[in-house]
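Participant:
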Amino acid sequence: MKTIVGRITDHDGHNIEYVAAGIPGRNIGTVSDSEGRFSLELPDTTTADLMFFHVSYKEKSIPAAELIAATGPVTVILEENRLAAAVVTPGKTKDRRLVGRGARVPGGVATMEPSSTGMEIGSVIEVRKEFEVRKISFDVLRNALPGCVLGVNIYRTEGSPATFDNVLTKPIYCNIPVSDDKTKCEIEPEETVILSPGSYFIALALVDCDRELQEKWKDKPSWSKDERISNSMTSIDFPLYLKSCYLRSKAMQDFEPIPVGTGLTVEGTELQ
């Protein structure tokens, strides 16, 4: 195995935070930290490309062999996505709430541990008329992860198997404080987000938490029973609702349909 260590920047040398990096279909993936640093273990014989994904930058692929051959830290430079801003056409509007939830699962909890960075779960919503997103909200039952940062993405989903097309051009992040109390989180996008009629996956992911915890969780497969018990509550927890959804790894581009989600709600304006 070769440990690849590096930093992800733009063309001006500015660090890019929370970039998903992985090999699709190979169960190999990670997320860069707030300084753009990443670390990833690759088998010496890997021949596939390592892919890099960020909502504000173009996807990039680098042959794994090239990274394995590197003698020191690598620098990965991403090219910015220059997309036209969405435009709202004046006309009749109606305030509306799109709820991506069914009945609450009694006692059901979705748990994200320090090793869960990059895994997405959320809600699927159906848009019938053009819709401008103003606010996204969700509940956190408890959070025991210091430095917890969640990321939100909005994917248009089509076909079978589903494809995921991110409609955002700017990332959405939310800092979650440590608390044993239930918290309602509300996020307003920094950009104008217009959804055309169709099906959308509103995805929630853990993108960062305390680095020492993340390193500790890498050894989880070798933990004793006592260690597993003592660390079992080190997580961020969300309520579960009966509603078709997805469990998806952005870095590895893998997903599976699941019958439950975290019940995100999208508020905004329906364009008549």
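456 is the number of the first residue of the sequence shown in the working numbering; add one for each residue after it. Note that CB positions come from ideal geometry on N, CA and C, so glycine has one too.
#1: Do you know offhand how far Thr647's Cα is from Val588's?
#2: So what's Arg556 in DSSP terms, helix, strand or just coil?
#3: Mapping the DSSP letters down to three states, classify Glu535 as helix, strand or coil.
#4: For the alpha helix (DSSP H) containing Ile523, list its first residue and its last residue.
#5: With DSSP collapsed to three states, give me the class of Ile609.
#6: Taking three-plus beta-carbon pairs below 8 Å as touching, is the region 512-531 in contact with the region 594-604?
#7: In chain order, what residues of the same chain lie with their CB nearer than 6 Å to the CB of Asp692, ignoring the 5 residues before and after it?
#8: Do Gly718 and Phe586 count as a contact pair if the criterion is CB distance below 8 Å?
#9: Measure how close the beta-carbons of Ile580 and Val721 come, nearest whole angstrom, since I'm counting them as under 8 Å.
#10: For the putative contact between Val460 and Ser494, defined by C-beta atoms under 8 Å, what is the C-beta separation to the nearest angstrom?
#11: Apart from the five residues just before and just after Lys639, which ones in its own chain have a Cβ nearer than 7 Å to its Cβ?
#12: Looking at the secondary structure, which residues open and close the beta strand (DSSP E) in which Asp594 lies?
#13: Distance check for Pro632 and Ile609, CA to CA, integer angstroms please.
#14: Mind pulling the beta strand (DSSP E) runs of 3 or more residues that sit fully within the region 469-503?
#15: Going along the chain, which residues of its own chain have a beta-carbon closer than 6 Å to the beta-carbon of Leu650, five neighbours each way excluded?
#16: If you reduce the DSSP assignment to three classes, tell me which class Phe681 lands in.
#17: Would you please state the rounded distance, in angstroms, between the beta carbons of Pro813 and Ser699? I believe it to be under 8 Å.
#18: Which same chain residues end up closer than 6 Å to Asp467 when comparing Cβ atoms and leaving out the 5 residues on each side of it in sequence?
#19: Tell me the DSSP bridge mates of Met574?
#20: Per DSSP, what kind of secondary structure is Pro652 in: helix, strand or coil?
#21: DSSP beta-bridge partners for Cys629?
#22: Just to confirm, are Ile576 and Leu659 a CB contact at a threshold of 8 Å?
#23: Within the continuous beta strand (DSSP E) that includes Leu726, where are the two ends?
#24: I'd like to know whether the C-beta atoms of Gly480 and Met707 end up nearer to each other than 8 Å.
#25: Counting along the chain, where does the beta strand (DSSP E) carrying Ala462 start and finish?
#26: What does a CB cutoff of less than 8 Å around Lys673 pick up in its chain, not counting 5 residues either side in sequence?
#27: Tell whether a beta-carbon distance below 8 Å holds between Asp465 and Glu535.
#28: Using the C-alpha atoms, what's the distance from Ala519 back to Ala743?
Facilitator: So, from the listed chains and residues:
#1: Residue 647 sits at position 192 when you count from the first residue of the sequence shown. Residue 588 sits at position 133 when you count from the first residue of the sequence shown. Going by the C-alpha atoms only, they are around 7 Å apart.
#2: In the sequence shown, counting from the first residue as 1, residue 556 sits at position 101. Coil, per DSSP.
#3: Locating residue 535 in the sequence shown gives position 80, where the first residue counts as 1. In this structure, Glu535 counts as strand in the three-state DSSP scheme.
#4: Residue 523 sits at position 68 when you count from the first residue of the sequence shown. Run containing Ile523: 519-523, per the alpha helix (DSSP H) assignment.
#5: By one-based count along the sequence shown, residue 609 stands at place 154. Strand.
#6: no
#7: Within the sequence shown, the letter at position 237 stands for residue 692. Closer than 6 Å at Cβ, skipping near neighbours: Val564, Thr566, Leu596, Arg597.
#8: Numbered from its first residue, the sequence shown carries residue 586 at position 131. Numbered from its first residue, the sequence shown carries residue 718 at position 263. Going by C-beta atoms, Phe586 is not nearer than 8 Å to Gly718.
#9: The sequence position of residue 580 within the sequence shown is 125, counting from 1. The sequence position of residue 721 within the sequence shown is 266, counting from 1. That pair is a contact at about 6 Å.
#10: Within the sequence shown, the letter at position 5 stands for residue 460. Within the sequence shown, the letter at position 39 stands for residue 494. Confirmed, about 5 Å.
#11: The residue you call residue 639 lines up with position 184 of the sequence shown. Once the five neighbours on either side are set aside, the close Cβ partners of Lys639 are Ser592, Asp594.
#12: Against the sequence shown, residue 594 aligns to sequence position 139. First-last of the beta strand (DSSP E) with Asp594: 586-595.
#13: Taking the first residue of the sequence shown as position 1, residue 609 is located at position 154. Taking the first residue of the sequence shown as position 1, residue 632 is located at position 177. Their Cα atoms are separated by approximately 23 Å.
#14: 475-478, 483-486, 492-497
#15: The residue you call residue 650 lines up with position 195 of the sequence shown. So the qualifying residues of the chain are Val582, Phe586.
#16: The sequence position of residue 681 within the sequence shown is 226, counting from 1. The question names Phe, yet the displayed sequence has Asp at residue 681. Three-state DSSP puts Asp681 in a helix.
#17: It is not possible to answer for residue 813, since the shown part of the chain is limited to 456 through 727.
#18: Here residue 467 corresponds to residue number 12 of the sequence shown, with the count starting at 1. Excluding residues within five positions, none has a Cβ falling inside 6 Å.
#19: Reading the sequence shown from its first residue, position 119 is the one you call residue 574. Bridge partners of Met574: Ser704.
#20: As a first step, residue 652 is located in the sequence shown; it is residue number 197 there, counting from the start. If DSSP states are grouped into helix, strand and coil, Pro652 belongs with coil.
#21: For this step, residue 629 is matched to residue 174 along the sequence shown. Note: Cys629 sits in a beta bridge opposite Leu605.
#22: Taking the sequence shown and counting its residues from 1, one reaches residue 576 at position 121. Taking the sequence shown and counting its residues from 1, one reaches residue 659 at position 204. Taking 8 Å as the Cβ cut-off, Ile576 and Leu659 qualify as a contacting pair.
#23: The residue labelled residue 726 in the question sits at position 271 within the sequence shown. Segment 720-726, the beta strand (DSSP E) holding Leu726.
#24: Against the sequence shown, residue 480 aligns to sequence position 25. Against the sequence shown, residue 707 aligns to sequence position 252. Cβ distance < 8 Å, so Gly480 and Met707 count as in contact.
#25: Here residue 462 refers to the residue found at position 7 when the sequence shown is read from its first residue. Going by the sequence as given, residue 462 is Arg instead of Ala. From DSSP, the beta strand (DSSP E) with Arg462 extends over 457-464.
#26: Taking the sequence shown and counting its residues from 1, the one referred to as residue 673 is at position 218. Correct list, in chain order: Ser570.
#27: On the sequence shown, position 10 is the one that residue 465 refers to. On the sequence shown, position 80 is the one that residue 535 refers to. Yes; because the gap between Cβ atoms is below 8 Å, this pair is in contact.
#28: Any answer about residue 743 is impossible in this case: the structure gives the chain only from 456 up to 727.
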